[in-house]
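Residue numbers for the sequence shown follow the numbering used here, so the first one is 4 and each next one is one higher. Remarks on the structure that follows.
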Amino acid sequence: MLFRSDCGMQEVEQAGRAVHWTYANLMLPMLFGAYGGLVATRRRALWRLRRQTLTADHMRGYWMRVGIGAFFGAFLSQILPSFAGDPLFAKLPPFALAFLAGYKTEAVLDFLDRFLNPEAKRDAEQAKAPQG
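Listed below in structure tokens is the structure:
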């Protein structure tokens with residue numbers, strides 16, 4: 004009986020690369036995005052606790068923010084460096100982008116609104132302009 008040394012090793016190598024890519028490019032940025040969302044949520048919840056204005060409605064919103072932070076962390080750590088021409092984004096590691104996206108979900112949503120709908124930006128600027 005002959006034993007082949009490469010018996011299925013290429014398939015195992017390919018599967019290992021796929022698992023590594025998934026973990027490094029999707030799972031870890033999702034975790035860092037969720038961590039950024041948790042940090043921001045904790046900061047806001049403590050602020051509301053000090054002012055004694057924390058309610059169940061706020062808590063639901065905070066939990067949703069963690070999930071949105073995880074999604075934005077995975078999404079923007081892959082998309083933003085390739086589309087943004089700013090060299091700062093190209094130099095930042097994807098985990099830092101994921102954390103920032105999770106921490107500042109409102110800023111990310113505003114950026115996407117301005118990027119996808121430039122007419123809304125002009126309308127908002129015209130509404131802010133002093134009339135007279």
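Quick reminder that beta carbons are idealized off the backbone N, C-alpha and C, glycines included. A quick note: this is a predicted structure, and the numbers were derived from the prediction, not measured.
Between the CA atoms of residue j and residue i - distance to the nearest angstrom
i: residue 101; j: residue 17; result: 27 Å
i: residue 116; j: residue 75; result: 14 Å
i: residue 93; j: residue 19; result: 27 Å
i: residue 52; j: residue 98; result: 30 Å
i: residue 31; j: residue 57; result: 31 Å
i: residue 4; j: residue 15; result: Summary for residue 4: the model assigns pLDDT 47, below 50, so the residue's position carries little reliability; its value from the coordinates is reported in the next sentence. For residue 4 and residue 15, the distance between alpha carbons rounds to 23 Å.
i: residue 45; j: residue 54; result: 14 Å
i: residue 59; j: residue 66; result: 11 Å
i: residue 22; j: residue 103; result: 25 Å
Nearest to residue i (by Cα), restricted to the options the options
i: residue 70; options: 27, 54, 53 and 43; result: 43
i: residue 81; options: 65, 52 and 25; result: 25
i: residue 64; options: 55, 48, 12 and 122; result: 48
i: residue 79; options: 112, 90 and 11; result: 112
i: residue 118; options: 11, 83 and 68; result: 83
Beta carbon of residue i nearer than 7 Å to that of residue j
i: residue 77; j: residue 34; result: no
Should the stretch 32-40 be regarded as contacting the stretch 101-110, the criterion being three or more beta carbon pairs within less than 8 Å?
-> yes
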